[in-house]
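Take a look at the structure set out below.
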Amino acid sequence: MNRILLLSDIHANLAALEAVLLDAARTSGFNEVWTLGDTVGYGPRPNECLDRLRELAALSVTGNHELAAIGSISLDDFNPYARAAAEWTAGVLTNESKTYIDSLPDRREIRDFTLVHGSPRSPIWEYVTDPDVAVATAGYLNTPHCLNGHTHVPAAIPAAQDPESSWWAEHGEVVEIGAGRWFVNPGSVGQPRDGDSRASYAVLDKGAMSATFFRVKYPIDETQHQMEAVGLPDILVKRLAAGR
Ligand code: ZN
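Here it is, written out as structure tokens:
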């Protein structure tokens with residue numbers, strides 16, 4: 006088997022992460038897990054999600070929410086709700102979790118892929134939202150393709166002018182990435198923002214050089230109850246059900 010489970014923006018949503026792991030094992034199978042940052046922040050189970058990734062020996066990069074949680078970046082760039090959640094996360098992270106976060110690079114290159122949270126030009130903050138941004142930031146790649154998260158919207162964006170096609174990826178969609186240069190974003194496991202509340206992930210097939218996108222339902226109310234129990238902002242609780 007030559008399949009990589011691609012995850013991003015888990016955001017401390019353990020119920021969503023477990024649903025994705027189960028669904029991916031059943032539907033396509035995988036022998037590696039790569040994650041693209043923001044495993045913590047917003048959600049109620051940051052340590053448990055980090056532990057799960059370590060158990061899976063996931064190859065990971067850091068995101069803005071990891072850096073906020075260990076005090077490496079200022080919270081001034083966060084909206085009030087993200088900031089409240091980041092402060093709560095910082096207070097509950099175990100020393101083991103902090104050490105692990107501290108060890109994460111903001112960029113990795115492996116085989117044909119560069120892994121970043123944002124973009125190769127600005128690994129922590131830049132949103133790759135369309136082919137114009139992809140073209141502009143592609144010059145910072147040393148590999149054919151980029152794997153990125155941060156937008157919370159699944160997409161396969163070509164680094165080429167391509168006004169015809171829609172690059173947002175839907176459940177079941179298979180994108181061939183053998184030719185050209187692609188920015189593949191698996192969407193968000195724990196806080197999707199494209200109007201679909203189901204957890205989002207992708208599977209890379211290295212043999213076929215394709216990316217397949219998936220959505221899976223998870224018990225949203227379980228995560229919402231956990232958030233309420235620890236006093237995370239109500240707006241963050243509600244948005245999970247809206248998928249926005
Ligand atoms: Zn995020």
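Residue 6 is where the sequence shown starts when you use the numbering used here, and the numbers rise one by one after that.
Note that beta-carbon positions come from the ideal geometry of N, C-alpha and C, so glycine has one too.
Source: prediction; values computed, not measured.
When distances are taken from the beta-carbon of D82 to the heavy atoms of the ligand ZN, even the shortest one reaches 6 Å or more. Counting C-beta pairs closer than 8 Å gives fewer than three between the stretch 127-143 and the stretch 17-27, which falls short of the contact rule. Beta-bridge partners assigned by DSSP to D210: R8 and S215.
CA-CA distance, E233 to G48, rounds to 10 Å. Pairing A204 with V25 gives a Cβ-Cβ distance under 7 Å. Boundaries of the beta strand (DSSP E) around R113: R113 to I115. Residue pairing by DSSP places A161 opposite V189 in a beta bridge.
With a contact defined as Cβ atoms closer than 8 Å, N69 and D107 miss out at about 15 Å.
Taking a C-beta distance under 7 Å as the contact criterion, P149 and T94 do not qualify as a contact pair. In the assembly as shown, I75 is a buried residue. Its beta-carbon has 16 or more other beta-carbons within 10 Å. Closest by C-alpha distance to P136, out of H155, Q166, H122 and C151, is Q166.
Among the bridge pairs identified by DSSP, L120 is matched with R113 and L152.
Considered as a whole, the stretch 48-135 harbours 113-115 and 118-120 as its complete beta strand (DSSP E) runs of no fewer than 3 residues, in chain order.
Judged by pairs of C-beta atoms under 8 Å, the stretch 111-128 does not touch the stretch 81-96, as fewer than three such pairs exist. Counting the other Cβ atoms within 10 Å of the Cβ of D14 gives 16 or more, which makes it buried.
If you check the C-beta of D111 against the ligand ZN, you find no heavy atom less than 6 Å away. Note that the C-beta distance between L72 and S102 is not below 7 Å. A residue is called buried once 16 or more other Cβ atoms fall within 10 Å of its Cβ, and S202 is buried on that count.
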